[in-house]
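Shown next, in structure tokens, is the structure this report addresses.
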Amino acid sequence: MIRVVLPTHLRTLASVDREVRVEVIGQPTQRSVIDALEATYPMLHGTLRDPLTHKRRPFVRFFACEDDLSHELPDTPLPDAVVSGDEPFFIVGAMAGG
Amino acid sequence: MSSVRVLVGTRKGAFVLTSDGTREAWDVSGPSFAGWEIYHVTGSPADPNRLFASQSSGWFGQLIQRSDDGGSTWEPVGNQFQYDGVPGTHQWYDGTPHPWEFARVWHLEPSLTDPDTVLAGVEDAALFRSSDGGQSWNELPGLRGHGSGSSWQPGAGGMCLHTIIVDPTDPQRIFVAISAAGVFRTDDGGQTWRPVNRGLHSEGIPDDDAEVGHCVHRLAMHPSRPEVLYMQKHWDVMRSDDAGESWDEVSGDLPTDFGFAIDVHAHEPETVYVVPIKSDSEHFPPDGRLRVYRSRAGGNEWEPLTRGLPQRDCYVNVLRDAMAVDSLDSCGVYFGTTGGQVYASADSGDSWAPIVRDLPAVLSVEVQTLS
Chain A
1 MIRVVLPTHL RTLASVDREV RVEVIGQPTQ RSVIDALEAT YPMLHGTLRD
51 PLTHKRRPFV RFFACEDDLS HELPDTPLPD AVVSGDEPFF IVGAMAGG
Chain B
1 MSSVRVLVGT RKGAFVLTSD GTREAWDVSG PSFAGWEIYH VTGSPADPNR
51 LFASQSSGWF GQLIQRSDDG GSTWEPVGNQ FQYDGVPGTH QWYDGTPHPW
101 EFARVWHLEP SLTDPDTVLA GVEDAALFRS SDGGQSWNEL PGLRGHGSGS
151 SWQPGAGGMC LHTIIVDPTD PQRIFVAISA AGVFRTDDGG QTWRPVNRGL
201 HSEGIPDDDA EVGHCVHRLA MHPSRPEVLY MQKHWDVMRS DDAGESWDEV
251 SGDLPTDFGF AIDVHAHEPE TVYVVPIKSD SEHFPPDGRL RVYRSRAGGN
301 EWEPLTRGLP QRDCYVNVLR DAMAVDSLDS CGVYFGTTGG QVYASADSGD
351 SWAPIVRDLP AVLSVEVQTL S
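Below you can see the structure in the form of structure tokens.
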């Protein structure tokens, strides 16, 4: 199971706590984790990625193990500590605006 | 006894204001979707407990929310707005071609007869329709494809399709308004469209009476007179008596003919309301006095309505979708401000009082008259 920490607005939208767990079939990557997240919480569809192009929204960031993974390719394997569940995969709304 | 439900979209959530028919005491509930921009909340005339809300965010994109219990609970429905075919380009602010890109839904217009059918006006300007309660959306491509789309340019707020009016006597006839392109009409349910902007004059565009390119801010119609349209343009209040075929200016004695909101009395088709705003850049009421202007003659002759409205130190704006009327015997008029006040008049505008004073900036106001 992959631990995913959601930003406040999306916790409210999905009616979940700060952290959720999703099961990923195969190699955990940004793409497969978000696919699993959207399958488990359909209301999140289109909020992290453009629903048509699947490109990451510009003000959405992906962090893990104190690294910014936002600019990694979507199919890059996630760090081992995320795969093992020792560390969460953080989805963050970029600090912009007021 | 009748009651009234006022649906308010703000920069930071949606609010529902309710009162009985006296409209003296109000209950304020919300915010729903706290922290999100709610460009529009509206109800189905065919099923008043079915509401639709446009929820968006610069971070997390566009959602459409639907309620089937008058706003007590909501569920997200479809949020895929895919332009039909190859989207092509429109003009950017600098006149260069710019690809059509979906940004947000500005306005939702439910069918008068079918609670599952709703139209959506979006930025970049296009018209979408759902026939399944908002679960899926399909563009009506004839609007962008009618021929002038590549020349449309955004206004300061983006290239938005912000007004949708369906002729209550002929649902095949639909009017839309786009900033800054103008008014377009279909007579075949959205398959084919043409611009209906003859008579509009706009300084600031190369050809001031061009067929398209006018910054129309809002249209209004009285349901009993669907051939009569009123318009608040960037500058000028306009009137058409032939379903948009021609327009005449009716700004008359207004202190300024700039503004955003315009609406028509529920029972008097010649009684029109506007909120004059100082421009080009200030976008607040002249002299710091918030005044609604009413014409009982369909324009040209206007009277200021001030009782209960702040007459000093008021520097708010009233945005294009933020005025509405109820249909009680004594017509109620409502508007919201960028300062977070929602004002109501239960006597056709003669006197006003705030329902609520300190909401986030108000983007839209709709009213449901419930029996």
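If you read the protein sequences in the order shown, they are chains A and B.
Here the numbering used here is used: the first residue of the first sequence is 1, the next is one more, and so on.
Here the numbering used here is used: the first residue of the second sequence is 1, the next is one more, and so on.
In this text, a Cβ means the ideal position worked out from N, Cα and C, and glycines have one as well.
Since this is a predicted model, take the numbers as computed values, not measurements.
Burial state of D17/A, where buried means 16 or more other Cβ atoms lie within 10 Å: exposed
Whose CA, out of S32/B, Y83/B, L7/B, L359/B, lies closest to the CA of L108/B? L7/B
Per-residue burial, R312/B [other beta carbons within 10 Å of its own, 16 or more giving buried]: exposed
If contact means a Cβ-Cβ distance below 9 Å, which residues of the region 50 to 62 of chain A contact chain B? D50, P51, L52, R57, P58, F59, V60
Does any residue of chain B have a CB that is nearer than 8 Å to the CB of L73/A? no
Closer than 8 Å, CB to CB, is N138/B near chain A or not? no
Could you run through the region 4 to 36 of chain B and flag, in chain order, every residue whose CB is less than 9 Å away from some CB of chain A? F33, A34, G35, W36
CB of P88/A within 8 Å of CB of V5/A, strictly: yes
Tell me D68/A's beta-bridge partners as DSSP assigns them. F63/A
According to the Cβ coordinates, are V237/B and G339/B closer than 8 Å? no
On the DSSP letters alone, give me the boundaries of the beta strand (DSSP E) that L305/B sits inside. 303 to 305
Report yes or no: is there a C-beta of chain A within less than 8 Å of the C-beta of G58/B? yes
Nearest-angstrom beta carbon gap, W59/B and V60/A [assumed within contact, 8 Å]: 6 Å
Inspect the beta-carbon positions of P168/B and P223/B and report whether they are closer than 8 Å. yes
Quick check: is any heavy atom of the ligand FAD less than 7 Å from the C-beta of A180/B? Ligands in the displayed structure: none, and consequently the ligand FAD is not present.
Run through DSSP, which three-state label would L363/B get? strand
In whole angstroms, what is the alpha-carbon distance linking V24/A and P360/B? 40 Å
Is the shortest distance between the beta-carbon of M40/A and the beta-carbons of chain B less than 8 Å? For the record, residue 40/A in the displayed sequence is Thr; it is not Met. False, the Cβ-Cβ gap to chain B never drops below 8 Å.
Short-range partners of chain A found in the region 61 to 77 of chain B, where Cβ spacing is below 9 Å: G61, Q62, L63, E75, P76
Give the DSSP-derived three-state secondary structure of A126/B in the structure shown. strand
Please determine if the region 225 to 232 of chain B and the region 143 to 159 of chain B are in contact, where contact requires at least 3 C-beta pairs separated by less than 8 Å. no
State the DSSP-derived secondary structure class of E249/B, mapped to helix, strand or coil. strand
Near E377/B, which residues of its chain fall below 8 Å by C-beta distance, leaving aside the five closest residues on each side in sequence? Because residue 377/B is not part of the residues shown, which for chain B are 1 to 371, the question remains open.
Does the beta-carbon of N138/B have 16 or more other beta-carbons within 10 angstroms, so that it is buried, or is it exposed? exposed
If we ignore side chains and look at the alpha-carbon of each, how far apart do S330/B and D242/B end up? 29 Å
Between the alpha carbons of P45/B and V82/A, how many angstroms are there, rounded? 50 Å
E38/A, enclosing alpha helix (DSSP H) - first and last residue: 30 to 40
Could you name the residues of chain A that Q91/B contacts, counting a contact when the two beta carbons are closer than 9 Å? In chain order: nothing, as chain A lies at least about 23 Å away.
What ranges does the beta strand (DSSP E) occupy inside the region 201 to 277 of chain B, keeping only unbroken runs of at least 3 residues that lie completely in it? 216 to 221, 229 to 233, 237 to 240, 262 to 264, 272 to 274
Sufficient close CB pairs (3 or more, under 8 Å) joining the region 70 to 82 of chain B to the region 67 to 85 of chain A: no
State the beta-bridge partners of Q65/B as determined by DSSP. A53/B, P76/B
Interface residues of chain B facing M43/A [CB-CB closer than 7 Å]: P76
For Q62/B, does the count of other Cβ atoms within 10 angstroms reach 16, so buried, or fall short, so exposed? buried
Residue environment, S150/B, which counts as buried when at least 16 other CB atoms sit within 10 Å: exposed
By the DSSP assignment, the beta strand (DSSP E) with V342/B in it spans what residues? 342 to 345
I'd like to know whether the C-beta of G26/A is nearer than 8 Å to at least one C-beta of chain B. no
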